[in-house]
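Chemist: Take this structure first; my questions come after.
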Amino acid sequence: MLLHGAARAEETPLEKAKGAFEKGEYAQAIEILKSAAASEPNNGDVYVLLARSYLELNEYDAAVNSGEKAVAINPKNSEYHRWFGEAFGAKADHASMLSAYSLARKTQKEFAAAVELDAHNFDAQQDLIEYDCTAPGMVGGGEEKAQPLIEKLMAMDEAEGHYATGICRAQKKNYEAADGEFTKALETKPKTAKRVYDIGDYFLQRKNAEKLLAVAIAGEELAPHDPRGKFYRGVALALQNQKPADAEKLLREYLQVAPSYSEYPRPWVAHYWLGRLQESQKNTAGARGEYQAALKLNGKYKPAQEALKQLGKD
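If you're matching positions, the sequence shown starts at 4 in our numbering and goes up one per residue.
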């Protein structure tokens with residue numbers, strides 16, 4: 004016990020903040036990081052985690068400010084530029100049209116800088132390609148710009164290349180082609196659980212149970228303790244209307260252990276699928292309770308709103 008206590012005493016403020024962040028305690032992480040920034044003003048990692056924490060709380064100006072400080076401390080750090088770009092992009096998404104144009108250009112600039120500094124920063128590569136496939140030419144986007152980037156990425160990592168192509172096809176609403184690209188991405192073995200579950204997010208939107216099961220299998224092989232496998236497997240079973248008890252167990256286990264972090268399926272989404280599961284079992288009261296639980300967590304979640312409307316009044 005004494006050794007354990009000593010180990011905890013040696014935990015740095017940044018480590019404490021990371022722990023709070025991973026638990027979804029973003030306000031606490033910010034308070035720790037503000038104090039750390041005062042004592043370590045030249046620690047860029049502190050400012051990057053501050054930017055990420057502010058993004059989770061939708062505080063876009065603060066996220067941009069923190070990202071800017073990180074890049075100023077170390078302008079050669081690819082990840083710093085990527086998160087600075089993420090902050091600009093999030094702010095652009097919630098800005099007036101006039102402001103959004105300028106912010107979009109800054110987003111692209113930071114993603115491009117991140118890629119130039121480290122071509123193996125695949126998250127930055129994906130960000131830049133998605134920007135080019137999504138943004139209009141007036142803010143520097145265009146699919147013709149994305150294509151050579153995709154070709155280079157495909158040569159470096161086939162799974163990443165197919166994923167990027169899938170993103171572009173999906174943006175153009177060519178879902179048949181996107182389905183094929185995301186399937187190839189999964190079959191060519193992504194290196195990280197994050198990318199596997201990014202693919203899962205696409206097939207979740209497509210309500211493709213078979214692919215969601217494949218996603219769960221691939222994710223569990225890469226990261227056995229990552230709870231996202233439970234979520235995607237549970238949704239797949241719910242979509243197939245098979246093993247409802249297993250599906251419910253998986254989704255409830257996910258709710259118990261998953262962090263409240265944007266890269267993980269949100270808890271209100273899990274409640275929505277539990278509601279769908281209850282509906283399939285003709286348990287109207289149970290379904291209504293799950294949809295209401297989803298809306299209590301996120302009152303603007305449209306799938307739960309629509310599901311409740313379909314159920315009608317008590």
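All C-beta atoms, glycine included, are put in the ideal place defined by N, C-alpha and C.
1) Cβ of H274 within 7 Å of Cβ of A288?
2) Which of helix, strand or coil does DSSP assign to P16?
3) Helix, strand or coil for Q245 per DSSP?
4) In three-state DSSP terms, what is A98?
5) Is the number of C-beta pairs between the stretch 122-130 and the stretch 143-151 that are closer than 8 Å three or more?
6) Alpha carbon to alpha carbon, what distance is there between Y29 and E163?
7) Three or more beta-carbon pairs under 8 Å between the stretch 195-202 and the stretch 239-257, yes or no?
8) I'd like the ranges of any alpha helix (DSSP H) spanning at least 4 consecutive residues and lying wholly in the stretch 37-64.
9) Ignoring anything shorter than 4 residues, give me the alpha helix (DSSP H) runs that lie fully in the stretch 235-298, in order along the chain.
10) Classify E154 as buried or exposed, calling it buried when 16 or more other Cβ atoms lie within 10 Å of its own Cβ.
11) How would you write the range of the alpha helix (DSSP H) that Y205 sits in, first residue to last?
12) In terms of residues, what are the limits of the alpha helix (DSSP H) holding E213?
13) From K79 to A107, what does the alpha carbon distance come to, in whole angstroms?
Modeler: Let me spell this out:
1) no
2) helix
3) coil
4) coil
5) no
6) 30 Å
7) no
8) 47-59
9) 247-260 and 270-283
10) exposed
11) A196 to Q208
12) A212 to L225
13) 22 Å
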